[in-house]
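Trainee: Quick one: this structure, given as structure tokens, is what I'll be asking you about.
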Amino acid sequence: MLGLDIRSQRQKVQTWLQRMLSWAFWQTLITERLEHTTRAITGGLSTSELGALLRGAAPTEKPNPRYRLHTKSFWFHIRPRYYQRGSTWFTHTWRLGWFSTFFFMVETITGLILMIFYTPSPLVAYGNMLNILSNVPFGKFMRDLHRLGAEGMVIAVTLHMLRVYLTGSYKNPRQFTWLTGVVLLLVTLFLSFSGYLLPWDQLAYWAVTIGTSMAEAAPVLGTRVNLLLRGSPDIAANGLLRFYLLHVFLLPLLGFVFLMVHYYKVSREHGISLPAAIEEGDVPVDVRRRGEERVDFIPDLLTHEILLLALGTFIMVAAVAFFFQAPLESHANPLRTPLHTQAPWYFLWIQGMLKIGDKVLMGIILPTVIFGLLFAVPYIDEFWDWLWKRKSSRLGKNRRLGISLALVFIVIMVVLTLMGSPTWGIVTPPGQEIAQEFSPEEGEGPMQRIPYEQYPVGYFDTRTWTYPTDRPPTEFDKTFAEFKARVEQEVQHNSAWKRGEELAKQKGLDAVYGAWTITEWQQDLKQIRVTIDWNEFDPATEQLLPDEKSVFTDKTVYIHRKFGD
Amino acid sequence: MIRTQITIGLLLTVLSMVLVTLIGLNENARLARTTEEQMARSIMRGAALFNTNCVVCHGEQGQGIPGRCPPLNTPELFDTKNGRVPQTGWSGSLPDYIRSTIAQGRLRSTRPDQYPGNTATDPAGVAAAMPLWSQQYGGPLRDDQIQDITNFILNWGKAPGRMAEVPEPPQQTPEQRGQRLFTSLGCAGCHNPQASGDGGLPCPNLGNISNVAATRVQGKSAQDYIHESIVNPSAFIVPGYQDNIMPKTFKDLPTDQIDAVIAYLMTRKQQ
Chain A
155 MLGLDIRSQR
165 QKVQTWLQRM
175 LSWAFWQTLI
185 TERLEHTTRA
195 ITGGLSTSEL
205 GALLRGAAPT
215 EKPNPRYRLH
225 TKSFWFHIRP
235 RYYQRGSTWF
245 THTWRLGWFS
255 TFFFMVETIT
265 GLILMIFYTP
275 SPLVAYGNML
285 NILSNVPFGK
295 FMRDLHRLGA
305 EGMVIAVTLH
315 MLRVYLTGSY
325 KNPRQFTWLT
335 GVVLLLVTLF
345 LSFSGYLLPW
355 DQLAYWAVTI
365 GTSMAEAAPV
375 LGTRVNLLLR
385 GSPDIAANGL
395 LRFYLLHVFL
405 LPLLGFVFLM
415 VHYYKVSREH
425 GISLPAAIEE
435 GDVPVDVRRR
445 GEERVDFIPD
455 LLTHEILLLA
465 LGTFIMVAAV
475 AFFFQAPLES
485 HANPLRTPLH
495 TQAPWYFLWI
505 QGMLKIGDKV
515 LMGIILPTVI
525 FGLLFAVPYI
535 DEFWDWLWKR
545 KSSRLGKNRR
555 LGISLALVFI
565 VIMVVLTLMG
575 SPTWGIVTPP
585 GQEIAQEFSP
595 EEGEGPMQRI
605 PYEQYPVGYF
615 DTRTWTYPTD
625 RPPTEFDKTF
635 AEFKARVEQE
645 VQHNSAWKRG
655 EELAKQKGLD
665 AVYGAWTITE
675 WQQDLKQIRV
685 TIDWNEFDPA
695 TEQLLPDEKS
705 VFTDKTVYIH
715 RKFGD
Chain B
18 MIRTQITIGL
28 LLTVLSMVLV
38 TLIGLNENAR
48 LARTTEEQMA
58 RSIMRGAALF
68 NTNCVVCHGE
78 QGQGIPGRCP
88 PLNTPELFDT
98 KNGRVPQTGW
108 SGSLPDYIRS
118 TIAQGRLRST
128 RPDQYPGNTA
138 TDPAGVAAAM
148 PLWSQQYGGP
158 LRDDQIQDIT
168 NFILNWGKAP
178 GRMAEVPEPP
188 QQTPEQRGQR
198 LFTSLGCAGC
208 HNPQASGDGG
218 LPCPNLGNIS
228 NVAATRVQGK
238 SAQDYIHESI
248 VNPSAFIVPG
258 YQDNIMPKTF
268 KDLPTDQIDA
278 VIAYLMTRKQ
288 Q
């Protein structure tokens, strides 16, 4: 029929059926398919090679098939095929560059998720924060991760730079790599700083106000730079939008570009530096040989990096699950400067410098000089070697001056940071300071930690109150005892208070005292009025001031039964 | 080495996943708790805002000042069937009523005969009964702060009309007690006790009252004059000020409180 030979067709069908039913056919087919797919995915590795690789065995084919991945796959061509063993020693790199990148990735992912729930407008930004905390599943988790990652990134990048300096890795031929690294440090600091403003709470608002007002001190351009950053004389809607765009667009873009250049320099051009001792042969030959031998990226380093990834993720998740909380203070209020305003910790050294000198010199010129010097480190180094006509060396014993300078610099930075913290050099009236210690304007103090139920209603006076001996002390008793001790301590150490008390006693008046008036103000709400009166007197005449003229501390604190902690 | 690293890595990954799962299981409870805590904090902030902005007129505990501003801590406000909300013809909810009143203020009092507000104390009689507070309309407060105050006022609804007893220092002098009462009874809402003008307030300055009172009415001691002014404000009107601004209800106060206020006012004198 139509030239179709049914008999021969039947023959064909039979042969075909026989083939279909034989196990060998299927086996070959599956093996071939599997082999093909595996090679397609791994960029040329056979299944047997993959097996050997996972077992940690040596390559089964020659030339090493594992290198094919680096030429054939998109992801792995970025990575070198092998490293020199010495450059991968943990005590040489501490994996700090790797962790910097890790944090950058964490920030990108968590940041993108947080972006979904955030609008950069002063009217709603803070409400968005509350919403993320109270209404978005895993919202707090993401925010805490993002904040922790930011701190981690600043730490990792700084330590990375320190490590590179101490091992002399910035030297020829890696000068430009160092330069891009300093740019990345700046990008990291400004990324962190610009993110500071976004929650639009008091912490954010005032830290950024301090930061940008420093820009204002710059000669000639200061006011303009400040205006450009803030979008108006004060930080408001425009400023928030600008910081938001800096934070989510410009700075990450800059960071990404420089990260690529930096990484290209490290992995493609010069490789990670070898430990100086290995490079300059300051070790026995066998150690040197071991340090210079090849380590394949796949599988040795890739496995290690996946381990680091698991470790980094675990540490972050555990930290957020058990103890780390991103702070959130009350809504930004341009009209009210919190008592202890401070810059983020990594800028405290600038705040410390501002306390000892002029705003222009300390806030603008010196930081510029410091970062300028950082940029120039490799070139200054070369110049120094040229000046003394000696060979460049990375060994610590040949760089005593350089390393000593770095250590002095670190000590200075630590001291400046301590000076930058609000406990140094800021004089607050002692009564106000005591009230602030027990109930800070932002966050929680000892008074907030007393459970609602343990607040007794009544009037409590440090002159008459005694520690209970007939019953177990409550949190209130413990805290009020601390308060009493604190007030008495101030009388001991503060000469004005001491003299005031003496003058008052001569006149038979009240001694210095602090008092808490605790009222059940509403249902589930208690009011605690803290009064501290210290007999202020006129220093010229040594006359006690009348009540309405003397300053006394009067702070009203409210505690709700369910406000949490 | 590779095997160890793979094992540890896998273990850590599993641990991370367990932690995330635990967080996830706890998430609904945490969200509910955070919502509750945020409400509590809002009430705490609202209490502080009320203390700085509203007590002058509505009293420290929202008891109102008779003849001037209405009480807020009263069952009438929280009675949604026959209370203030239906009385004023407000079609929204009680929280909306409170929030919008704070935000926009009141041009005219809804009960001018009972609570004329600032209109009565304005010599020209045109001031808004209650000032507006929202920044949207040029007031000083943000909308979230207005929400805080609203939450604080609504919290009275749990026991409307209940007044908290403020513990008093045991060994205070009558003058000290009077000073506290001067504020808590609302006197400071209209009278400036410092010797620096009336500060735009519609009532006489009391910064020098102890000297002034002694000479105001022939044959009356300073104490008697102040006492009369408290219990019967219309008996003597200082020239330039209006009658019927000061409430006439202070005569119902306990005698010891009136005496304490008089003792305090007797300390108000300029050297």
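Line by line, the protein sequences are chains A and B.
Here the first sequence stands for residues 155 to 719, numbered as in the working numbering.
Here the second sequence stands for residues 18 to 288, numbered as in the working numbering.
The beta-carbon is built from N, C-alpha and C at its ideal position, and this holds for glycine as well.
None of these values were measured; they are calculated from a predicted model.
Measuring only the C-alpha atoms, how far is A/PHE229 from A/PRO213?
Mentor: According to the sequence provided, residue 229 of chain A is Trp. The question's Phe does not apply to it. When rounded, the distance between both Cα atoms is 21 Å.
Trainee: Enumerate in chain order the residues of its own chain whose CB-to-CB distance from B/ASN99 is below 7 Å, with the five nearest sequence positions on each side excluded.
Mentor: Cβ neighbours of B/ASN99 beyond the five flanking positions: none.
Trainee: I'd like to know whether the C-beta of A/LEU493 is nearer than 7 Å to at least one C-beta of chain B.
Mentor: Cβ-Cβ to chain B under 7 Å: no for A/LEU493.
Trainee: List in chain order: all unbroken alpha helix (DSSP H) runs of 4+ residues lying wholly within the stretch 531 to 617 of chain A.
Mentor: List check, alpha helix (DSSP H) in window: 554 to 574, 584 to 592 and 600 to 603.
Trainee: With a CB to CB cut of under 7 Å and the five nearest residues on each side skipped, what residues in its chain are close to A/PRO373?
Mentor: So the qualifying residues of the chain are VAL514.
Trainee: Mind listing the chain B neighbours of A/VAL611? Cutoff is C-beta to C-beta under 9 Å, in chain order.
Mentor: What A/VAL611 touches in chain B: ALA181, GLU182 and PRO184.
Trainee: How long is the line joining the alpha carbons of A/THR495 and A/PHE451, rounded to whole angstroms?
Mentor: Whole-angstrom Cα-Cα distance: 49 Å.
Trainee: Please confirm if A/ALA676 has its CB atom under 7 Å from at least one CB of chain B.
Mentor: According to the sequence as given, residue 676 of chain A is Gln; it is not Ala. Output row for A/GLN676: interface = yes.
Trainee: If we ignore side chains and look at the alpha-carbon of each, how far apart do A/LYS652 and B/ARG285 end up?
Mentor: When rounded, the distance between both Cα atoms is 29 Å.
Trainee: Give me the chain A residues within the contact set of B/ASN70, using Cβ-Cβ distance strictly less than 9 Å, ordered along the chain.
Mentor: Neighbours of B/ASN70 on chain A: none; closest Cβ ~13 Å, over 9 Å.
Trainee: Could you tell me which of B/TYR242, B/GLN235 and B/MET263 sits nearest to B/SER227, measuring between CA atoms?
Mentor: Out of B/TYR242, B/GLN235 and B/MET263, B/TYR242 has the C-alpha closest to the C-alpha of B/SER227.
Trainee: State the Cα-Cα distance for the pair A/GLY550 and A/ILE557, rounded to the nearest angstrom.
Mentor: Whole-angstrom Cα-Cα distance: 7 Å.
Trainee: What three-state label does DSSP hand A/GLU186 in the structure shown?
Mentor: Three-state result, A/GLU186: helix.
Trainee: Determine the DSSP secondary structure at B/CYS86, reduced to helix, strand or coil.
Mentor: In this structure, B/CYS86 counts as strand in the three-state DSSP scheme.
Trainee: Could you check whether A/VAL260 and A/GLY210 sit closer than 7 Å to each other, using their CB atoms as the reference points?
Mentor: It is not a contact, given that the beta carbons lie outside the stated cut-off.
Trainee: Could you pull the start and end residues of the alpha helix (DSSP H) that A/ARG209 belongs to?
Mentor: It spans 201 to 209 - the alpha helix (DSSP H) in which A/ARG209 sits, taken as one unbroken run.
Trainee: Are the beta-carbon atoms belonging to A/ALA431 and A/VAL437 less than 7 Å from one another?
Mentor: In this structure, A/VAL437 lies closer than 7 Å to A/ALA431 by Cβ.
Trainee: Verify whether the separation of the beta carbon atoms of A/HIS224 and A/THR334 is less than 7 Å.
Mentor: It is not a contact, given that the beta carbons lie outside the stated cut-off.
Trainee: Our contact map puts A/GLY281 next to B/ASP130 with C-beta atoms below 8 Å; I'd like the distance itself, whole angstroms only.
Mentor: Incorrect: roughly 41 Å between the Cβ atoms, too far for contact.
Trainee: What are the complete beta strand (DSSP E) segments, minimum 3 residues, inside the stretch 281 to 369 of chain A?
Mentor: Fully enclosed beta strand (DSSP E) runs of 3 or longer: not present.
Trainee: Is the stretch 71 to 88 of chain B touching the stretch 261 to 275 of chain B in the sense that three or more CB pairs, one from each, lie closer than 8 Å?
Mentor: Contact between the stretch 261 to 275 of chain B and the stretch 71 to 88 of chain B is present, because at least three Cβ pairs lie under 8 Å.
Trainee: Would you report the Cα separation of B/PRO186 and B/ILE115, rounded to the nearest angstrom?
Mentor: Distance between the alpha carbons of B/PRO186 and B/ILE115 is about 35 Å.
Trainee: Counting Cβ pairs, one atom from each stretch, are 3 or more of them under 8 Å apart for the stretch 566 to 574 of chain A and the stretch 330 to 347 of chain A?
Mentor: Too few Cβ pairs lie closer than 8 Å, so no.
Trainee: Mind listing which residues of the stretch 705 to 716 of chain A have their C-beta closer than 8 Å to chain B's C-betas, in chain order?
Mentor: Those residues of the stretch 705 to 716 of chain A that come within reach of chain B (Cβ to Cβ, closer than 8 Å) are THR710, TYR712, ILE713, HIS714, ARG715 and LYS716.
Trainee: For A/THR685, does the three-state DSSP call read helix, strand or coil?
Mentor: It is a strand residue.
Trainee: Measuring only between beta-carbons, confirm whether A/ILE460 sits less than 7 Å from chain B.
Mentor: It does; some Cβ of chain B falls within 7 Å.
Trainee: What does B/GLU54 reach in chain A if we use C-beta pairs closer than 7 Å?
Mentor: By Cβ distance, chain A contributes LYS716, PHE717 and GLY718.
Trainee: So for A/ILE713, helix, strand or coil by DSSP?
Mentor: A/ILE713 falls in the strand class under three-state DSSP.
Trainee: In chain order, what residues of the stretch 462 to 477 of chain A put their CB closer than 7 Å to some CB of chain B?
Mentor: Under the 7 Å Cβ criterion, the stretch 462 to 477 of chain A contributes ALA464, LEU465, THR467, PHE468, VAL471, ALA472 and ALA475.
Trainee: By how many angstroms is the C-alpha of A/THR707 removed from the C-alpha of A/PRO610?
Mentor: Going from the Cα of A/PRO610 to the Cα of A/THR707 covers about 22 Å.
Trainee: Going by DSSP, what residue range makes up the alpha helix (DSSP H) through A/VAL449?
Mentor: Note, A/VAL449: premise wrong, no alpha helix (DSSP H); beta strand (DSSP E) at 448 to 450.
Trainee: Determine the DSSP secondary structure at A/ARG224, reduced to helix, strand or coil.
Mentor: Correcting the residue type first, residue 224 of chain A is His in the shown sequence and not Arg. The answer is helix: DSSP assigns A/HIS224 an H, G or I state.
Trainee: By DSSP's criteria, B/GLU53 is part of a beta bridge. Which residues make up the other side?
Mentor: Answer is none; B/GLU53 lacks a bridge partner.
Trainee: For B/THR190, tell me which candidate among B/ARG47, B/CYS74, B/SER59 and B/ALA280 has the shortest Cα-Cα distance.
Mentor: It is B/ALA280.
Trainee: Would you please state the rounded distance, in angstroms, between the beta carbons of B/PHE95 and B/ILE166? I believe it to be under 8 Å.
Mentor: Actually they are not in contact, since the Cβ atoms of B/PHE95 and B/ILE166 sit about 16 Å apart, beyond 8 Å.
Trainee: When the Cβ atoms of the stretch 685 to 702 of chain A are set against those of the stretch 658 to 672 of chain A, are three or more pairs found closer than 8 Å?
Mentor: In short, these stretches touch, since the Cβ pair count reaches three.
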